[in-house]
Amino acid sequence: MKDLIAHLNKVFESRVRLGIMSVLTVNQTYDFKSLKETLDLTDGNLASHLKALEKEGMIAVEKQFIDRKPNTSYRATEKGRAAFSEHISALENLIRDT
Amino acid sequence: MKTESNTQEDIKAIRKLMEESTRFLSLSGLSGVIAGGTALAGALLAWLFIDDTWSLAGVAAIVLVISLTFACFLSIKKAKRQKKHFWTPVSRKMLLNLFIPLATGGALAIIFLLQGNLQLVVPVFLIFYGLALINASKFTLGEIFYLGLLEIATGLLVTLFPDLWLIGWSVGFGVLHIVYGLLMYGKYGK
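Written as structure tokens, this is what we have:
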């Protein structure tokens with residue numbers, strides 16, 4: 590059993606973070622507002638999970654101005670992609686073997 | 753530790769998010785039927801009453817505007833009904849990918865019209881419309897891809913047999929849209 594869960598990543602142990610990583614692995618970049626609408630979250634909730642993922646180096650933040658308004662978008666880093674895909678495989682193995 | 757059913761739900765949610773954030777799925781089937789009906793009405797009008805080029809171009813433009821308006825309006829309503837957003841990064845990508853070939857085809861059609869190459873106007877627009885659909889199909893219902901192929905085939909046939917332009921118009925913009933719209937209506941709902 591220990592072997593099975595060894596590949597589960599502690600960082601992704603939240604549905605919100607799984608959601609963020611799912612969207613970012615299939616899209617090059619995604620902006621904060623669209624992410625909020627897609628995942629149906631509040632500003633604060635989303636921001637705190639994004640911050641955590643950023644701190645772990647799973648995602649990168651790009652800030653820019655569009656029409657003089659600040660626009661923050663996110664993308665998954667190489668490390669984040671690899672870690673997320675390993676996490677998903679571990680989840681799938683978990684289902685298959687139990 | 754999480755229970756098995758929780759994990760399964762997580763994976764299901766992940767799959768859904770990956771799909772929904774890369775494809776715009778609220779495209780309305782009913783709008784296809786309306787677009788087809790409008791195109792057939794336009795073709796009938798052209799066949800019965802119109803013999804000068806510019807009135808014909810006017811009818812085509814009106815058909816296009818009505819079709820696009822209904823497509824947007826009904827898709828916005830469908831997205832609302834599904835409690836999804838209409839204006840998302842993926843719907844923007846879909847529209848951009850649709851409009852680049854479509855606008856190119858429209859510009860070419862107008863150029864041919866001005867140069868008097870009348871027999872090329874309908875086929876070129878059919879072909880570019882088909883290419884536009886194929887381009888947009890990566891970001892919406894995959895079935896659009898096959899509609900695009902059929903539009904291109906219709907366009908090529910009309911290029912080969914220019915006398916059949918009105919039939920090409922009726923089939924390409926009318927019949928194909930109605931059949932496609934009904935199929936999508938049946939598969940994905942209104």
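Sequences listed follow chains C and X, in order.
Per the working numbering, the first sequence starts with residue 590, numbered consecutively.
Per the working numbering, the second sequence starts with residue 753, numbered consecutively.
Glycine included, each C-beta is placed from N, C-alpha and C at the ideal position.
Just so it is clear, the structure is predicted and the values come from calculations on it, not from any experiment.
Check your understanding: In chain order, what residues of the same chain have a beta carbon less than 7 Å from the beta carbon of X:Arg775, not counting five sequence neighbours either side?
Key -> Looking up residue 775 of chain X in the second sequence gives position 23. Excluding sequence neighbours, X:Arg775 sits near Val842, Phe891, Thr892.
Review point. Using a C-beta to C-beta distance shorter than 8 Å, which residues of chain X count as neighbours of C:Gly608?
Key: As a working mapping, residue 608 of chain C is identified with position 19 in the first sequence. The answer, in chain order, is Ala765, Ile766, Leu769.
**Study point:** Neighbour flag for X:Thr892 against chain C, beta carbons, 8 Å
**Key:** Working through the second sequence from its first residue, we reach residue 892 of chain X at position 140. Answer no: the Cβ-Cβ gap between X:Thr892 and chain C never drops below 8 Å.
Exercise for review: Classify X:Lys830 as buried or exposed, calling it buried when 16 or more other Cβ atoms lie within 10 Å of its own Cβ.
Suggested key: Counting from one through the second sequence, the residue named residue 830 of chain X turns up at place 78. By the 10 Å Cβ count, X:Lys830 comes out buried.
Review point. In the DSSP assignment, what are the bridge partners of C:Gln653?
Key: Taking the first sequence and counting its residues from 1, the one referred to as residue 653 of chain C is at position 64. Looking at the DSSP assignment, C:Gln653 forms a beta bridge with C:Asn660.
Practice item. Determine the contact status of X:Ser889 and X:Gly900, defining contact as a CB-CB distance below 8 Å. Key: Counted from its first residue, the second sequence places residue 889 of chain X at position 137. Counted from its first residue, the second sequence places residue 900 of chain X at position 148. Yes, the Cβ-Cβ distance between X:Ser889 and X:Gly900 is below 8 Å.
Review point. What are the residues of the stretch 630 to 658 of chain C that lie near chain X, defined by any Cβ-Cβ distance shorter than 8 Å?
Key: none
Practice item. Check whether the stretch 787 to 802 of chain X touches the stretch 621 to 640 of chain C, taking contact to mean three or more Cβ pairs, one atom from each stretch, closer than 8 Å. Key: no
Exercise for review: Answer yes or no: do X:Gly920 and X:Pro853 have a C-beta to C-beta separation smaller than 8 Å?
Suggested key: Walking along the second sequence from the start, residue 920 of chain X turns up at place 168. Walking along the second sequence from the start, residue 853 of chain X turns up at place 101. No; because the gap between Cβ atoms is not below 8 Å, this pair is not in contact.
Check your understanding: What in chain X is Cβ-close to C:Thr627, meaning under 8 Å?
Key -> Looking up residue 627 of chain C in the first sequence gives position 38. Here the neighbours are Leu769, Glu772, Ser773, His837, Thr840.
Check your understanding: To the nearest angstrom, how far is it from the Cα of X:Ile930 to the Cα of X:Phe822?
Key -> Stepping through the second sequence from its first residue, residue 930 of chain X is reached at position 178. Stepping through the second sequence from its first residue, residue 822 of chain X is reached at position 70. Rounded to whole angstroms, the separation of the alpha carbons of X:Phe822 and X:Ile930 is 14 Å.
Practice item. Tell me C:Ile648's beta-bridge partners as DSSP assigns them. Key: Within the first sequence, numbered from 1, the residue matching residue 648 of chain C stands at position 59. DSSP lists C:Ala665 as partners of C:Ile648.
Exercise for review: Report the rounded CA-to-CA distance for X:Leu777 versus X:Ala905, giving the unit in angstroms.
Suggested key: On the second sequence, residue 777 of chain X is found 25 positions in, with the first residue counted as 1. On the second sequence, residue 905 of chain X is found 153 positions in, with the first residue counted as 1. Cα-Cα distance, rounded: 26 Å.
Review point. Does the beta-carbon distance from X:Leu928 to X:Glu895 come in below 8 Å?
Key: Indexing the second sequence from 1 puts residue 928 of chain X at position 176. Indexing the second sequence from 1 puts residue 895 of chain X at position 143. Contact flag unset, no.
Point to revise | Cross-strand partners of C:Tyr619 (DSSP beta bridge) | key: Reading the first sequence from its first residue, position 30 is the one you call residue 619 of chain C. For C:Tyr619, which the question treats as bridged, DSSP gives the partners C:Tyr663.
**Study point:** Contacts around X:Lys754, its chain only, beta-carbon distance under 7 Å, and the 5 residues preceding and following it disregarded
**Key:** Here residue 754 of chain X refers to the residue found at position 2 of the second sequence. Because the pLDDT at X:Lys754 is just 49, under 50, the model does not fix this residue reliably, and the value given afterwards should be weighed accordingly. If you ignore the 5 residues before and after X:Lys754, its C-beta comes within less than 7 Å of no other C-beta in its own chain.
Practice item. Using beta-carbon positions only, say whether C:Ile648 and C:Leu613 come within less than 8 Å of one another. Key: Counted from its first residue, the first sequence places residue 648 of chain C at position 59. Counted from its first residue, the first sequence places residue 613 of chain C at position 24. Against a cut-off of 8 Å, the Cβ pair of C:Leu613 and C:Ile648 comes out as a contact.
Check your understanding: Can you name, in chain order, every residue of its own chain whose Cβ lies under 7 Å from the Cβ of C:Thr627, other than the five neighbours on each side?
Key -> The residue you call residue 627 of chain C lines up with position 38 of the first sequence. Closer than 7 Å at the Cβ level, and outside the excluded window around C:Thr627, lie Val612.
Practice item. Going by DSSP, name the residue or residues bridged to X:Phe877. Key: For the purposes of this step, residue 877 of chain X is identified with residue 125 of the second sequence, where counting begins at 1. Answer is none; X:Phe877 lacks a bridge partner.
Review point. How many Å lie between X:Trp806 and X:Ile862 at the Cα?
Key: Taking the second sequence and counting its residues from 1, one reaches residue 806 of chain X at position 54. Taking the second sequence and counting its residues from 1, one reaches residue 862 of chain X at position 110. Between the alpha carbons of X:Trp806 and X:Ile862 lies a gap of roughly 11 Å.
Check your understanding: So, does the CB of X:Gln834 fall closer than 8 Å to a CB anywhere in chain C?
Key -> What you label residue 834 of chain X is simply residue 82 of the second sequence in a count that begins at 1. It does not: the Cβ of X:Gln834 has no partner Cβ on chain C nearer than 8 Å.
Check your understanding: According to the neighbour-count rule (16 or more other Cβ atoms, all chains shown, within 10 Å of its Cβ), is X:Ile879 buried or exposed?
Key -> Against the second sequence, residue 879 of chain X aligns to sequence position 127. With a 10 Å radius around the Cβ and a threshold of 16 neighbouring Cβ atoms, X:Ile879 comes out buried.
**Study point:** Segments of 4+ residues assigned as alpha helix (DSSP H) that fall wholly inside the stretch 879 to 925 of chain X
**Key:** 896 to 912, 917 to 921
Practice item. Please list the residues of the stretch 775 to 804 of chain X that have a C-beta atom closer than 7 Å to any C-beta atom in chain B, keeping them in chain order. Key: Absent here is chain B; the protein component of the structure consists of chains C and X.
Practice item. Taking a Cβ distance cut-off of 7 Å, strictly less, list which residues of the stretch 866 to 877 of chain X are near chain C, in chain order. Key: none
Review point. What residues of chain X sit near C:Ala604, judged by a beta carbon separation below 8 Å?
Key: Here residue 604 of chain C corresponds to residue number 15 of the first sequence, with the count starting at 1. This sequence places Arg at residue 604 of chain C; Ala is not what is there. Here the neighbours are Asp762, Ala765.
Review point. What does a CB cutoff of less than 6 Å around X:Ser783 pick up in its chain, not counting 5 residues either side in sequence?
Key: Numbered from 1 along the second sequence, position 31 holds the residue referred to as residue 783 of chain X. If we look at X:Ser783 and ignore the five residues flanking it on each side, its Cβ neighbours are Phe822, Ala823, Leu826.
Review point. How big is the Cα-Cα spacing for X:Ile802 and X:Leu850?
Key: In the second sequence, the residue the question calls residue 802 of chain X occupies position 50. In the second sequence, the residue the question calls residue 850 of chain X occupies position 98. Rounded to the nearest angstrom, the two C-alpha atoms are 30 Å apart.
**Study point:** Buried/exposed call for C:Gly646, threshold 16 Cβ in 10 Å
**Key:** Looking up residue 646 of chain C in the first sequence gives position 57. Under this definition C:Gly646 is an exposed residue.
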